[in-house]
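Chains as they are written, first to last, in the numbering used here: chain A, 5 to 405; chain B, 30 to 288.
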């Protein structure tokens, strides 16, 4: 039996707007946040967060500023604005590949390919002064800045496991607190692939829908690109009590697994997803029958949704209410696990189950109770899934405060 | 607060590739640069998969293989259920393979001879390898090695520069100590040759090192103790900057030199 780990602060920004209430309002009302998106690529809709980049910001890296916006909200929510010298704070954040601006593509990459190869030395020596050093592309830079701002003296890590990154980072914060290596953990993730190279990489993979994201639907054909950051403040219940913090939800357990199947395709029956779910239930010390709602990873791709549904049905049967919020706020990639953990907190606090925006006619191959519209049901115990390209999986179990 | 139960952890296998050499040969000395005599084909059975691996991934997958062999081979893994076998990796991501993007950039030349974003997105897209971005993901070491050794359990991949390799060792050992896994491959891989200009001229090397962790009550090995870090020497003068492989290489050299 271990001391409970609780969530005492949430900072979120995504296509729904700034703050968890903006997302909760949308999910409760069943209103998606996708808007028209103009690009030469075959993409018509995207889920963009309020522009996070201040005027004259340096560097103008969207996902970094998304993270800084989320951090401020999370610290204010938790009442942790000031750095306390004797508080040991850990930071674990999930993130993805660097945001590349059109300017960088034009100024830094394009001029160096005329001889038939990229000349890295020239890229370095001719780097446009309008852009930061190549270090701005290092994913850990944001983690290090967050650690600096909160005065972290505990473990600090950047999880880089594609779409499972934020959920894995949350898991590591949980385990770090349990073993007593920190008093507070700032965890979550941030990502923005709403830039030419980011969109391009998903278009060439065939993962983006040209129209809408339709998780579990017969007509599903990919996801909508989203962006966002979600940072959670975790602490042991005893620590939260001692400083009089408000507990928003409890993080009961986490599990991770690998498909160990193929570096570029998910296991078709969701074997890895099932192990991740079972590991999280074991870690939380709860039975499958105790879970009342499951927030699915379901991105709206043909293979991914059916594999996850199979895993969920094997663990929980076909009666557990399941939904995906990716139709509403898009796929926030490396941030998704933390955005969805925040959505779970909203469901626990407000007493509702989010629907699945974009789901019209359920694919009979997806044998789960996929909720279309939000339900006025107050869950006590929920589970959230995140699965990453490369086969890494993570599941979190959250409970009402 | 009660800490989770913790059990002693030992290292039962070591796989080292560094500019000083492979395995025990790499334990001392070296000069910045390539791993002498490294051929990924000698360690990766599936030749087709090599085409999807960057140099760092080839090194990482090979070091994982060597660590398993050093521990006694696949039967050591087979003694533990796949779901109880985990992997923790530190590596540096690249934004795709730069050379794969070249055809699209070339197609992006506009009528005025300059860069045209519309053409890049229009004509350029179909010239890019579908797995362009995927090849640059640093969790590929984990993706490939976990499939080869059927490691289905707890895992993580970190990108924290040279700290990422240390985090992988520490968290991998913790996963065994705290009972989330009974075998964990942990380490790091990086291949920064060619990146020297981006690193201000710092001399670099390519390297990967993995260790196989097991609980002390199930296997004989060298006791893991996180305080070992204070006694490790990254020896950048001999090896060059090794990125995320820095601490796993230093740890593997420390263990091999004592054998």
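Just so it is clear, CB atoms sit at the ideal spot from N, CA and C, and this is done for glycine as well.
Asked	Found
At least 3 beta-carbon pairs within less than 8 angstroms: the region 193-205 of chain A vs the region 332-342 of chain A	yes
Where residue 279 (chain A) meets chain B, residues with beta-carbon distance less than 7 angstroms	112, 181
Contact set for residue 39 (chain B): own chain, Cβ-Cβ below 8 angstroms, skip 5 residues either direction	242, 243, 244, 245, 248, 249, 250, 251, 252, 253
Identity of the residues DSSP links to residue 396 (chain A) by a beta bridge	A:262
Integer Cβ distance of residue 402 (chain A) from residue 352 (chain A), believed to fall under 8 angstroms	6 angstroms
Between the CA atoms of residue 258 (chain A) and residue 305 (chain A) - distance to the nearest angstrom	25 angstroms
Beta-carbon contacts of residue 212 (chain B) that lie in its chain and below 6 angstroms, excluding the five residues immediately before and after	109, 114, 243
Residue nearest to residue 93 (chain A) in terms of C-alpha spacing, selected from A:100, A:239, A:225, A:234	A:239
Nonlocal neighbours in the same chain, by C-beta distance under 6 angstroms from residue 328 (chain A), ignoring five residues either side	219, 300, 302, 360
Within-8 angstroms CB hit, residue 84 (chain B) to chain A	no
Sequence ranges, beta strand (DSSP E) only - wholly within the region 38-92 of chain B, length at least 3	38-47
Contacts around residue 311 (chain A), its chain only, beta-carbon distance under 7 angstroms, and the 5 residues preceding and following it disregarded	270, 271, 272, 273, 274, 277
C-alpha gap between residue 303 (chain B) and residue 209 (chain A), whole angstroms	Chain B is shown only over 30 to 288; residue 303 (chain B) falls outside these bounds and no answer can be derived.
Chain-order list of residues whose beta-carbon lies under 6 angstroms from that of residue 346 (chain A) (same chain, five-residue window excluded)	14, 16, 24, 234
Interface partners of residue 200 (chain A) on chain B, CB under 9 angstroms	146, 149, 150
Local Cβ density within 10 Å of residue 56 (chain B), reported as buried at 16 or more and exposed below that	buried
Test: residue 133 (chain A) CB closer than 8 angstroms to a CB of chain B	Since pLDDT at residue 133 (chain A) reaches only 46, below the 50 mark, its modelled position is unreliable, and the value read off the structure follows with that caveat. Chain B contact via Cβ: absent.
Coil, strand or helix - residue 379 (chain A) by DSSP	strand
Candidates A:60, A:172, A:34, A:55, of which the one nearest residue 73 (chain A) by Cα	A:55
Span separating the alpha-carbon of residue 270 (chain B) from that of residue 156 (chain A)	26 angstroms
Distance, residue 313 (chain A) Cα to residue 322 (chain A) Cα	9 angstroms
Contacting positions in the region 240-267 of chain A - beta carbon closer than 7 angstroms to chain B	240, 242, 260, 261, 262, 264, 265, 266, 267
Every unbroken alpha helix (DSSP H) within the region 167-205 of chain B, with a cutoff of 4 residues, ordered by chain	169-178
Supposed contact pair residue 98 (chain A) and residue 52 (chain A) - C-beta distance, whole angstroms, cut 8 angstroms	About 20 angstroms separates the two Cβ atoms, so there is no contact after all.
Whether residue 91 (chain A) touches residue 188 (chain A) by CB criterion (8 angstroms)	yes
Continuous alpha helix (DSSP H) stretch holding residue 317 (chain A): start and end	306-320
With 16 other Cβ atoms within 10 Å as the buried cut-off, status of residue 132 (chain A)	Residue placement at residue 132 (chain A) is poorly supported in this model, since its pLDDT is 49, which falls under 50; the coordinates still yield a value, given next. Flag for residue 132 (chain A) reads exposed.
Residue ranges of each beta strand (DSSP E) within the region 166-251 of chain A, 3 or longer	188-196, 231-240
DSSP-derived helix/strand/coil call for residue 163 (chain A)	strand
Straight-line Cα distance separating residue 190 (chain A) from residue 134 (chain B)	39 angstroms
Whole-angstrom distance between residue 89 (chain A) and residue 255 (chain B), CA atom to CA atom	24 angstroms
Residue 113 (chain B) in three-state terms, based on DSSP	helix
Minimum Cβ-Cβ distance from residue 13 (chain A) to chain B less than 8 angstroms	no
Sequence-distant residues of its chain with Cβ nearer than 6 angstroms to residue 281 (chain B) (five each side left out)	43, 45, 238
Length of the line joining the Cα atoms of residue 82 (chain B) and residue 221 (chain B)	15 angstroms
Chain B contact residues for residue 417 (chain A), given Cβ-Cβ distances below 7 angstroms	Since the displayed chain A opens at 5 and closes at 405, residue 417 (chain A) lies outside it and no answer follows.
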